[in-house]
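**Student:**
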Ligand SMILES: *Cc1c(COP(=O)(O)O)cnc(C)c1O
């Protein structure tokens, strides 16, 4: 095994354990979603050999090319969808992913509901919140989050386990992390997926339960 994933991973684990603050669920350690999009297969294999099992992909099609065989070989893989889900990809996504972090509209909620029922699954879902109210980003707007959560939980009885956000590039991420934590506490939602390579330390301080790391673990992505 080359030193890189090992070194990077050990470093991040140390950063996590050095933070005295606790994640939203004080009894659970912050988990790392290793974002393997656009990374060569060898790097994914290296992470698996190291013993890591939680991965994130942002495109259904790319994930389908990579993960079905690996999931057969390593049945304890927990694969997260972290990119926007189009309704015509819902069936594939439900069959492949263990957690879908990007529930972002009522139409998608309805499509997921019917597909989950069809496949007999109760996949944990995270609501993506567009905390920066950016027009180019998907996600539920803060003003709609109450109604949307109620719709998903009470009307559709979806398994809402978390909230996810991607703060705007130009702004102080902590404001967004603090907001997401407040919503999770109000709504009694267990998981917070927030923090990427550039801002994961701040996310940990604000109670992240999942941080999503690509380049800081695997190095630069191929484009
Ligand atoms: C690519 C991606 C990441 C990982 O980004 P890095 O900066 O490489 O850590 C995290 N979250 C989402 C939603 C992504 O698309």
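Residue numbers (the working numbering): 31 to 253.
The beta carbon of each residue, even a glycine, is placed where N, CA and C say it ideally should be.
#1: In whole angstroms, what separates the C-alpha of residue 221 from that of residue 67?
#2: For a test of your reading of the model: does the CB of residue 161 fall under 7 Å from any non-hydrogen atom of ligand 1? Yes or no.
#3: Flag residue 65 as yes when its Cβ comes closer than 7 Å to any non-hydrogen atom of ligand 1, and as no otherwise.
#4: Give the secondary structure of residue 188 by DSSP, where H, G and I count as helix, E and B as strand, and everything else as coil.
#5: Please state whether DSSP places residue 45 in a helix, a strand or coil.
#6: Going by DSSP, what residue range makes up the beta strand (DSSP E) through residue 64?
#7: Which runs of the alpha helix (DSSP H) spanning at least 4 residues fall entirely within the segment 184-236, listed in chain order?
#8: Where do the N-terminal and C-terminal ends of the alpha helix (DSSP H) with residue 178 fall, by residue?
#9: Can you find the residues in the same chain that come closer than 7 Å, C-beta to C-beta, to residue 45, ignoring five residues on each side of it along the sequence?
#10: Please report how far the alpha carbon of residue 239 lies from the alpha carbon of residue 59, in whole angstroms.
#11: If we ignore side chains and look at the alpha-carbon of each, how far apart do residue 172 and residue 180 end up?
#12: Please name the residue or residues paired with residue 83 in a DSSP beta bridge.
#13: So residue 65 and residue 242 are in contact, right, with Cβ under 8 Å, and what is the actual spacing, rounded?
#14: In three-state DSSP terms, what is residue 138?
#15: Given this structure, state the Cα-to-Cα distance separating residue 183 from residue 156, to the nearest angstrom.
#16: I need the straight-line Cα distance from residue 47 to residue 61, nearest angstrom please.
#17: Helix, strand or coil: which one does DSSP assign to residue 163?
#18: Given residue 194, which residues of its chain have a CB within under 6 Å of its CB, disregarding the five upstream and five downstream residues?
#19: Do residue 249 and residue 34 have their CB atoms nearer than 8 Å?
#20: If I follow the unbroken alpha helix (DSSP H) through residue 256, where does it start and stop?
#21: Which residues in the same chain as residue 49 place their Cβ atom closer than 7 Å to its Cβ, once the five residues preceding and following it in sequence are excluded?
#22: I'd like to check one pair, residue 134 with residue 114: are the Cβ atoms closer than 8 Å?
#23: Excluding sequence positions up to five away, which residues of its chain have a Cβ less than 7 Å from the Cβ of residue 94?
#24: Please state whether DSSP places residue 37 in a helix, a strand or coil.
**Tutor:** The short version:
#1: 22 Å
#2: no
#3: yes
#4: coil
#5: helix
#6: 61-65
#7: 203-217 and 230-235
#8: 175-180
#9: 231
#10: 7 Å
#11: 14 Å
#12: Paired residues: none, contrary to the question.
#13: 5 Å
#14: helix
#15: 12 Å
#16: 11 Å
#17: coil
#18: 131, 156, 158 and 223
#19: yes
#20: Outside the shown range of the chain (31 to 253) lies residue 256, about which nothing can therefore be said.
#21: 234 and 235
#22: yes
#23: 122 and 126
#24: helix
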